[in-house]
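Numbering (the numbering used here), first residue to last: 879 to 1041.
Built from N, CA and C at the ideal position, the CB exists for glycine as well.
Take a look at the structure below.
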């Protein structure tokens, strides 16, 4: 279809048997027909008797476009109202947290043992190192602060594993 649209030149008219053969949604149709119009190309749909090369056809098409925009705005409004209602009911919106509070406590406990690496703790908990750093923000300051009596540079490399 895109090759066909690229082939058209100003003064041409694209004729389709039905609107549903040109685009999957009203928004697609509006976008395609608007692009054709900017390039000086007409549009006709045989089944719907729609012809944008005439003033009446352009009027009908603009009515379709206005209705499509109205419907889209209703959908957006309904979505916002639904989210607001869910928040008012105290429901969680969005993706669930990657780590539970219990997992965070467990991770902090494991991090106090100098034998455990961040990589091995993350694997044990089934999360990424990045997630572990996100949920245990004190790791960003350095792991030495989490391990009692640790000297700087004493902590293990990534090769050691949690027992």
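Residue i: which of the options sits nearest, CA to CA?
i: residue 851; options: 986, 906, 894; result: A query on residue 851 cannot be resolved here, the shown segment of the chain reaching from 879 to 1041 and no further.
i: residue 982; options: 1003, 963, 968; result: 1003
i: residue 990; options: 944, 908, 1016, 951; result: 1016
i: residue 879; options: 901, 968, 888; result: 901
i: residue 926; options: 916, 914, 939; result: 939
i: residue 887; options: 898, 893, 914, 992; result: 914
i: residue 931; options: 882, 893, 972, 973; result: 893
i: residue 972; options: 937, 945, 961, 992; result: 961
i: residue 988; options: 970, 912, 1014, 974; result: 1014
i: residue 1042; options: 883, 898, 945, 899; result: With the chain covering only 879 through 1041, there is no way to say anything about residue 1042.
Here's the rule: buried if 16 or more other CB atoms are within 10 angstroms of the residue's CB, otherwise exposed. What is residue i?
i: residue 885; result: exposed
i: residue 995; result: buried
Who are the near neighbours of residue i in its chain, counting only those whose CB is closer than 6 Å to its CB and skipping five residues on each side?
i: residue 976; result: 1005, 1009
i: residue 929; result: 922, 935
i: residue 1011; result: 1017
Contact defined as beta carbons within less than 8 Å: I believe residue i pairs with residue j. What is the distance between those atoms, to the nearest angstrom?
i: residue 985; j: residue 999; result: 6 Å
i: residue 923; j: residue 896; result: 6 Å
i: residue 891; j: residue 918; result: Not quite, the Cβ-Cβ distance comes to about 10 Å (not below 8 Å), so this is no contact.
i: residue 910; j: residue 943; result: So it is not a contact: roughly 12 Å between Cβ atoms.
Tell me which residues share the same chain as residue i and place their Cβ nearer than 7 Å to its Cβ, disregarding the 5 neighbours each side in the sequence.
i: residue 889; result: 918
Starting from the C-beta of residue i, find all residues in its chain whose C-beta is less than 8 Å away, skip the five residues before and the five after it, and write them out in chain order.
i: residue 968; result: none
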